[in-house]
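Here the structure is laid out as structure tokens; the discussion comes afterwards.
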Amino acid sequence: MTRPAVTIAELDRPPTARREADDLAAVRAAAARRRTWTVVIDDDPTGTQCVRDVPVVMGEWTAADLDWAARGHDLAFVLTNSRALPASEASRVTSHAATAAGRAGERLGRPVRYVSRSDSTLRGHVREEVAAVRAAAGAPRQQRVVFAPAFVEAGRVTARGVQWVGDGVLVPAAATEYAADPAFGYDDVDLAAWVHGRLRDDVTRVRVLDLALLRDGSGPERVRDELRRGHHDDVWIAEAVTGGDLAALAAGCALAEDDGLRVVYRTGPTAVRALAGRPLPQPWPGRAGPATSGLVVVGSHTGLTNAQVDELRRSRPVSLVELDAGVVADGDDAAREAEIGRAHAAVRAAVPSVTTVLRTSRQVVAGADPIATSGRVAAALTETVRRIAERTELGFLVAKGGITSHDVPARALGATRAVVLGQLFPGMVPVWRLLDGSRPELPYVVFPGNVGDRTSLAVTVTRLAEGDRSA
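For the sequence shown, the working numbering begins at 3 and goes up steadily by one.
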């Protein structure tokens, strides 16, 4: 069943009787009482878009890295890059990360709350990752699963039983290019049907925490009561059009946790900050390194990404180097190596004098196994960046696309630890400081493939290269 396009104003009803600041304060107070450590098991780095001053663990991490993330922090991200993996491998790496985080919490005497963070346009290995996190969380009959996919800062909201996507005018996520993803495509407009289809026999009943409930003067208490009345195999969809809706949800879940329930979350980025009791941070005032030119690495193929790269090239001098995806995906080893070497040499020649865009060629090479083919292309792009970073001075580094933005720091640069400094736009496009690997202290920008407007990439590069003129 199709749904007509709507505006945010049409969905933003009824009026709320709640104050977001009060609900966030209640969440923080509950976490402080219990000394809770909220661990976000993230299938790509783009979940860090709504928080700052938060540790990130990635790549070939160890128990010591997790202890660092737990010590003195109420919130941490552990990246798995599992959206880029086959389902069985996604299950394995998610289980490994969640189990190891639980052990870190035990070592430091801190109860762990688990969040499985994924895509607000509904892509990812939902069933496998939720099951892996639930296994690590323990107390299975006390568990409740809450699904809160909204990313309100980027125009992805949940209302009327539908996930909506857009800028001003919104359409169902099922009507967007994201629903045609070769690996994670879907056609369910109704979100409850989508949950049933993804989780299959892992869910008994799908319930909805709607806007009327969340915005009620007793919204958090009503959330707690709904979770109490439910069953451990139920899933609750949380609607949200504003950050305040998710703050009310988080306050209600905190009450349920005070009563002994073990709530496991599958969320978009906005719910992460709500669960940590944090308001939306102010944008980071961009400052680059000593070199004025940098590298923009583009793996995403979305229409928005292509438009953003076109606008960047139109608005300021940049060099463009393309890595031939067909050659690195399907060619023999010699052809693959030659193509990586060619792209590496072209970037090294250009980047000392001008910001350079290194992107995969725009034809989509799906192959018989889209995830495996995408992995071969991503590995070649990562190897090219690794060679560039070894010998080339960079003022900044931007990675465009979720998989790309994981592989660049974790594999190309060998980093295992980072801190989220903030975002370049309100609730979007995070900036990290890498703490180890081959390029520590390099300003690193995680730019998702599907956020912002046509000018956002150009604005990002200008701010990094020239500083924030408005600061």
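No residue lacks a Cβ here, since even glycine has one placed at the ideal position from N, Cα and C.
Every value quoted in this text rests on a predicted model; they were computed, and no experiment measured them.
* Report the rounded CA-to-CA distance for Arg125 versus Gly296, giving the unit in angstroms. => Locating residue 125 in the sequence shown gives position 123, counting from the first residue. Locating residue 296 in the sequence shown gives position 294, counting from the first residue. Approximately 30 Å, taken between the alpha carbons.
* **First and last residue of the uninterrupted beta strand (DSSP E) at Leu322** => Here residue 322 refers to the residue found at position 320 when the sequence shown is read from its first residue. In the DSSP assignment, Leu322 falls within the beta strand (DSSP E) that extends over 321-325.
* Asked: Between the Cα of His127 and the Cα atoms of Ala139, Pro319, Arg94, Arg435, which residue gives the shortest distance?
  -> Counted from its first residue, the sequence shown places residue 127 at position 125. Out of Ala139, Pro319, Arg94, Arg435, Arg94 has the C-alpha closest to the C-alpha of His127.
* Asked: Excluding sequence positions up to five away, which residues of its chain have a Cβ less than 6 Å from the Cβ of Arg435?
  -> The sequence position of residue 435 within the sequence shown is 433, counting from 1. Taken in chain order, the residues that qualify are Val421, Leu423.
* Would you decide whether Val171 is buried or exposed? Buried here means 16 or more other CB atoms lie within 10 Å of its CB. => For the purposes of this step, residue 171 is taken as the residue at position 169 of the sequence shown. With a threshold of 16 other beta carbon atoms within 10 Å, Val171 falls short and is exposed.
* To do: For Ser90, count neighbouring C-beta atoms within 10 Å of its own C-beta (all shown protein chains included) and say buried if the count is 16 or more, exposed if not.
  => Here residue 90 refers to the residue found at position 88 when the sequence shown is read from its first residue. So Ser90 counts as exposed.
* Ala252 versus Gly61 - alpha carbon distance -> Taking the first residue of the sequence shown as 1, we reach residue 252 at position 250. Taking the first residue of the sequence shown as 1, we reach residue 61 at position 59. If you draw a straight line from the Cα of Ala252 to the Cα of Gly61, it is about 30 Å long.
* To do: Taking only the alpha-carbon atoms, compute the straight-line gap between Thr294 and Val463 and give it to the nearest angstrom.
  => Your numbering for residue 294 matches position 292 in the sequence shown. Your numbering for residue 463 matches position 461 in the sequence shown. Answer to the nearest angstrom: the Cα atoms are 10 Å apart.
* Asked: Would you call the region 300-310 and the region 453-461 touching, i.e. three or more CB-CB distances under 8 Å?
  -> Yes: the two stretches touch, three or more of their Cβ pairs being nearer than 8 Å.
* **Status (buried if at least 16 other CB within 10 Å, exposed otherwise) for Asp67** => Counting from one through the sequence shown, the residue named residue 67 turns up at place 65. It counts as buried.
* **Residues of its chain near Ala473, where Cβ-Cβ distance is below 7 Å and the 5 sequence neighbours each way are ignored** => Here the question's residue 473 lines up with position 471 in the sequence shown. Caution is warranted here: a pLDDT of 37 is assigned to Ala473, below 50, making its placement in the model unreliable, and the coordinate value is therefore given only provisionally. Only residues of its own chain outside the window of five on either side were considered, and among them Pro287 have a CB closer than 7 Å to the CB of Ala473, listed in chain order.
* Three or more C-beta pairs closer than 8 Å, one from the region 435-445 and one from the region 402-417: is that the case here? -> When C-beta atoms of the region 435-445 are compared with those of the region 402-417, three or more pairs fall below 8 Å, so the two segments count as touching.
* 7 Å Cβ shell around Met430 - same chain, five flanking residues per side excluded -> Along the sequence shown, read from residue 1 onward, the residue named residue 430 stands at position 428. Only Gln51, Glu155, Ala156, Val453, Gly454 meet the Cβ criterion.
* For Tyr188, three-class secondary structure by DSSP -> Here the question's residue 188 lines up with position 186 in the sequence shown. Reduced to three states, the DSSP call for Tyr188 is coil.
* State the Cα-Cα distance for the pair Leu87 and Val80, rounded to the nearest angstrom. => Locating residue 87 in the sequence shown gives position 85, counting from the first residue. Locating residue 80 in the sequence shown gives position 78, counting from the first residue. Going by C-alpha positions, Leu87 is about 16 Å away from Val80.
* At 4 residues or longer, and completely inside the region 341-428: list those alpha helix (DSSP H) runs for me, N to C. => Those alpha helix (DSSP H) runs which fall completely within the region 341-428 and span 4+ residues are 372-393, 404-409.
* Evaluate Ala284 with the Cβ neighbour count: other Cβ atoms within 10 Å of its Cβ, from every protein chain shown; 16 or more gives buried, anything less gives exposed. => Along the sequence shown, read from residue 1 onward, the residue named residue 284 stands at position 282. The residue you asked about is not Ala; residue 284 is Gln in the sequence shown. It is exposed - the Cβ of Gln284 has fewer than 16 other Cβ atoms within 10 Å.
* Three-state class that DSSP yields for Pro142 in the structure shown -> For the purposes of this step, residue 142 is identified with residue 140 of the sequence shown, where counting begins at 1. Here Pro142 sits in helix by DSSP.
* Report the rounded CA-to-CA distance for His234 versus Arg146, giving the unit in angstroms. => For the purposes of this step, residue 234 is taken as the residue at position 232 of the sequence shown. For the purposes of this step, residue 146 is taken as the residue at position 144 of the sequence shown. The alpha-carbon atoms of His234 and Arg146 are separated by roughly 5 Å.
* Give me the Cα-Cα distance between Ala150 and His408, rounded to the nearest whole angstrom. => Residue numbering aside, residue 150 sits at position 148 when the sequence shown is read from its first letter. Residue numbering aside, residue 408 sits at position 406 when the sequence shown is read from its first letter. If I take the Cα positions, the gap works out to 23 Å.
* To do: Pick out whichever of Ile43, Thr178, Ala92, Asp55 has its Cα sitting closest to the Cα of Val114.
  => Position 112 of the sequence shown, counted from the first residue, corresponds to residue 114. With distances taken between CA atoms, Val114 lies nearest to Ile43 out of Ile43, Thr178, Ala92, Asp55.
* Assess, as a yes-or-no matter, whether the region 224-244 is touched by the region 102-121 under the definition of 3 or more beta carbon pairs within less than 8 Å. => Three or more beta-carbon pairs separated by less than 8 Å are not found between the region 102-121 and the region 224-244, which leaves the two stretches without contact.
* Can you round the beta-carbon distance between Asp45 and Thr82 to whole angstroms, since I take them to be within the 8 Å contact cut? -> For the purposes of this step, residue 45 is taken as residue 43 along the sequence shown, with counting starting at 1. For the purposes of this step, residue 82 is taken as residue 80 along the sequence shown, with counting starting at 1. In this structure, Asp45 and Thr82 form a Cβ contact; the two beta carbons are roughly 6 Å apart against a cut-off of 8 Å.
* Asked: Helix, strand or coil: which one does DSSP assign to Ala242?
  -> Counting from one through the sequence shown, the residue named residue 242 turns up at place 240. Three-state DSSP puts Ala242 in a strand.
* Asked: What is the DSSP secondary structure of Asp2, counted as helix, strand or coil?
  -> The shown model of the chain, from 3 to 473, leaves out residue 2, and the question about it has no answer.
* Bounding residues of the beta strand (DSSP E) (the contiguous stretch that carries Trp39) -> Residue 39 sits at position 37 when you count from the first residue of the sequence shown. Trp39 -> beta strand (DSSP E) spans 39-44.
* In the DSSP assignment, find the unbroken alpha helix (DSSP H) run with Leu215 in it and report its ends. => Numbered from its first residue, the sequence shown carries residue 215 at position 213. 213-216 is the span of the alpha helix (DSSP H), which, as asked, contains Leu215.
* To do: Return helix, strand or coil for Ala473, following the three-state DSSP convention.
  => Walking along the sequence shown from the start, residue 473 turns up at place 471. The predicted model places Ala473 with a pLDDT of 37, which falls under 50 and marks its position as unreliable; any figure quoted below should be read in that light. If DSSP states are grouped into helix, strand and coil, Ala473 belongs with coil.
* Measure the CB-CB distance between Arg419 and Pro142 and report whether it falls below 9 Å. => Indexing the sequence shown from 1 puts residue 419 at position 417. Indexing the sequence shown from 1 puts residue 142 at position 140. Result no, Cβ atoms of Arg419 and Pro142 do not sit closer than 9 Å.
* When the Cα atoms are used, what is the spatial distance from Leu13 to Leu215? -> Taking the first residue of the sequence shown as 1, we reach residue 13 at position 11. Taking the first residue of the sequence shown as 1, we reach residue 215 at position 213. Roughly 15 Å separates the two Cα atoms.
* To do: Give the range of the alpha helix (DSSP H) segment to which Pro445 is assigned.
  => The residue given as residue 445 occupies position 443 in the sequence shown. Per DSSP, Pro445 belongs to no alpha helix (DSSP H); it is in the beta strand (DSSP E), 445-449.
* To do: Rounded to whole angstroms, what's the CA-CA distance from Gln425 to Val367? Just pull it up for me.
  => Counted from its first residue, the sequence shown places residue 425 at position 423. Counted from its first residue, the sequence shown places residue 367 at position 365. Taking the straight line from one Cα to the other gives about 32 Å.
* Asked: Does the region 383-403 come close enough to the region 14-26 that 3 or more CB-CB pairs lie under 8 Å?
  -> Judged by Cβ distances under 8 Å, the region 14-26 makes no contact with the region 383-403, as fewer than three pairs qualify.
* Provide the residue(s) that pair with Tyr267 in DSSP beta bridges, ordered along the chain. => Here residue 267 refers to the residue found at position 265 of the sequence shown. DSSP lists Val117, Val148 as partners of Tyr267.
* Asked: From Thr18 to Leu211, what distance separates their C-alpha atoms?
  -> Locating residue 18 in the sequence shown gives position 16, where the first residue counts as 1. Locating residue 211 in the sequence shown gives position 209, where the first residue counts as 1. So the two alpha carbons sit approximately 14 Å from each other.
* To do: Give me the Cα-Cα distance between Trp166 and Val410, rounded to the nearest whole angstrom.
  => What you label residue 166 is simply residue 164 of the sequence shown in a count that begins at 1. What you label residue 410 is simply residue 408 of the sequence shown in a count that begins at 1. In a straight line, the C-alpha of Trp166 is about 30 Å away from that of Val410.
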